[in-house]
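Numbering (the working numbering), first residue to last: 1294 to 1600. By construction, the Cβ of each residue, glycine as well, lies at the ideal position given by its N, Cα and C atoms.
(1) Is it a yes or a no for the region 1441-1455 touching the region 1524-1531, going by three-plus beta-carbon pairs under 8 Å?
(2) Could you compute how far the alpha carbon of residue 1335 sits from the alpha carbon of residue 1299?
(3) Using C-beta distances below 7 Å, list every residue in its chain close to residue 1467, excluding the 5 sequence neighbours before and after it, in chain order.
(4) Counting beta carbon pairs with one atom in the region 1300-1312 and one in the region 1581-1588, are three or more of them shorter than 8 Å?
(5) What is the DSSP secondary structure of residue 1300, reduced to helix, strand or coil?
(6) If we count Cβ pairs, one from each stretch, closer than 8 Å, do we get three or more for the region 1315-1324 versus the region 1371-1382?
(7) Here's a check: name, in chain order, each residue in its chain whose Cβ is nearer than 8 Å to the Cβ of residue 1589, leaving out the five neighbours to either side.
(8) Residues in its own chain within less than 8 Å of residue 1456 by CB, not counting five upstream and five downstream?
(9) Do residue 1547 and residue 1517 have their beta-carbon atoms positioned less than 7 Å apart in this structure?
(10) Pull the bridge partners of residue 1334 from the DSSP assignment, please.
(11) Kindly list the residues whose CB is nearer than 7 Å to the CB of residue 1435, restricted to its own chain and excluding five residues on each side of it in sequence; keep chain order.
(12) Just tell me which of 1381, 1314 and 1329 has its CA closest to the CA of residue 1515.
(13) Using DSSP with H/G/I as helix, E/B as strand and the rest coil, what is residue 1534?
(14) Buried or exposed for residue 1415, please, with buried defined as at least 16 other CB atoms from any protein chain shown within 10 angstroms of its CB.
(15) Comparing the CB of residue 1415 with every heavy atom of the ligand ZN, is any distance shorter than 6 Å?
(16) Helix, strand or coil for residue 1261? Go by DSSP, reduced to three states.
(17) Determine which residues share a DSSP beta bridge with residue 1501 and list them.
(18) Under a Cβ-count criterion, where at least 16 other Cβ atoms within 10 Å of its own Cβ denotes burial, should residue 1535 be classed as buried or exposed?
(19) Taking only the alpha-carbon atoms, compute the straight-line gap between residue 1350 and residue 1423 and give it to the nearest angstrom.
(20) Give every residue of the same chain whose Cβ lies closer than 8 Å to the Cβ of residue 1304, excluding the five residues on either side of it in the sequence, and list them in chain order.
(21) Checking 7 Å against the spacing of the C-beta atoms, do residue 1452 and residue 1413 come in under that value?
(22) By the three-class DSSP mapping on this structure, what secondary structure does residue 1422 have?
(23) Quick check: residue 1421 and residue 1454, are their CB atoms within less than 7 Å of each other?
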């Protein structure tokens, strides 16, 4: 039987590698310095003096145009890419580590821990956006703390609050695998708990852990986008008055969405649509990768019930 080409996996891998490269090299590829501003100026066009003022539409000079303050949009996107990609990756990794540790050690126990299952059930109905928003709002808007501290606090808070859902998934898989004959045989021969986890359960969870990592990156990006729409940006929010405006200090892509959301209702819609396209590309890339991985593992282990 001929195997079906896994286009989602290949396309997802290509796009994710592209995003990783942009995340590493983005600030060095930026056409302008992050503080460069286009000023209002007079130019001679067809023999007439014309006032040129931002926002400027996409052109050869500014490939993605500028915002109304004269900042180059491509430059902002490239400088914000490291925060967007690698903060998301850090949070997903932390969630996976915390959740795997809890899920494995609770799932391996002989009796179901009803207290933990009650926590999982209760936490499953809690929109994580609510505690994150109120925990960060006080220190994140016009912050006195440095950007690194704010980023670190964001990573820890979002990772810890998101880990119970990961733990629930891994606990359920662990409970299934521990009933397998080879695990029961190892237990009867006197294998300790750590030996069973690391030699018999983890090897059969590796595919599931990879999928969990990718899906947690998608969930984290979605949360960042929701926070951005409400004016809470990763690394700090600078708030201006008269009129009220919110600006991202790190230029991460969800923050740019929040900064430019008011331009949806103007003639300069591209100012919002360009960071929206970058943000959707990031989420779409990891979604394709997750789908491709699921398809690959289902084809490979279709006869294995716990994959």
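So, from the listed chains and residues:
(1) The answer is yes - the region 1524-1531 touches the region 1441-1455, with three or more Cβ pairs under 8 Å.
(2) What you label residue 1335 is simply residue 42 of the chain shown in a count that begins at 1. What you label residue 1299 is simply residue 6 of the chain shown in a count that begins at 1. Taking the straight line joining both Cα atoms gives about 55 Å.
(3) Sequence index remark: in the chain shown, residue 1467 carries index 174 (1-based). Cβ within range, chain order: 1396, 1397, 1400, 1401 and 1494.
(4) Three or more pairs of CB atoms, one per stretch, sit closer than 8 Å, so the region 1581-1588 contacts the region 1300-1312.
(5) Translated into the one-based positions of the chain shown, residue 1300 becomes position 7. Correct three-state label for residue 1300: helix.
(6) Under the three-pair Cβ rule at 8 Å, the region 1315-1324 counts as touching the region 1371-1382.
(7) As a first step, residue 1589 must be located in the chain shown, where it is residue number 296. Around residue 1589, the same chain offers 1299 and 1302 as residues with beta carbons nearer than 8 Å, after the five sequence neighbours per side are excluded.
(8) One-based indexing of the chain shown puts residue 1456 at position 163. Hits under 8 Å: 1387, 1388, 1391, 1392 and 1395.
(9) For this step, residue 1517 is matched to residue 224 along the chain shown. For this step, residue 1547 is matched to residue 254 along the chain shown. Judged by beta-carbon spacing, residue 1547 lies within the 7 Å limit of residue 1517, meaning their Cβ atoms are closer than that value.
(10) For this step, residue 1334 is matched to residue 41 along the chain shown. Looking at the DSSP assignment, residue 1334 forms a beta bridge with 1345.
(11) As a first step, residue 1435 is located in the chain shown; it is residue number 142 there, counting from the start. Here residue 1435 has 1531 and 1532 as same chain residues with Cβ atoms under 7 Å from its own Cβ, once five neighbours each way along the sequence are excluded.
(12) In the chain shown, residue 1515 corresponds to position 222, counting from 1. When only C-alpha atoms are compared, the closest one is 1381.
(13) Counted from its first residue, the chain shown places residue 1534 at position 241. Annotated three-state conformation of residue 1534 is coil, per DSSP.
(14) The residue given as residue 1415 occupies position 122 in the chain shown. Taking a 10 Å sphere around the C-beta of residue 1415, we find fewer than 16 other C-beta atoms and assign the residue as exposed.
(15) Ligands displayed in this structure: none; no statement on the ligand ZN is therefore possible.
(16) Nothing in the structure corresponds to residue 1261, since the chain is present only between 1294 and 1600.
(17) Position 208 of the chain shown, counted from the first residue, corresponds to residue 1501. Paired residue(s): none; residue 1501 is not in a bridge.
(18) The residue given as residue 1535 occupies position 242 in the chain shown. Under this definition residue 1535 is an exposed residue.
(19) The residue labelled residue 1350 in the question sits at position 57 within the chain shown. The residue labelled residue 1423 in the question sits at position 130 within the chain shown. Cα to Cα, residue 1350 sits roughly 37 Å from residue 1423.
(20) The residue given as residue 1304 occupies position 11 in the chain shown. For residue 1304, where only same-chain residues beyond five positions count, the Cβ hits under 8 Å are 1581 and 1585.
(21) For the purposes of this step, residue 1452 is identified with residue 159 of the chain shown, where counting begins at 1. For the purposes of this step, residue 1413 is identified with residue 120 of the chain shown, where counting begins at 1. Between residue 1452 and residue 1413, the C-beta spacing is not below 7 Å.
(22) Taking the first residue of the chain shown as position 1, residue 1422 is located at position 129. Helix, per DSSP.
(23) For this step, residue 1421 is matched to residue 128 along the chain shown. For this step, residue 1454 is matched to residue 161 along the chain shown. Yes, they are a contact pair.
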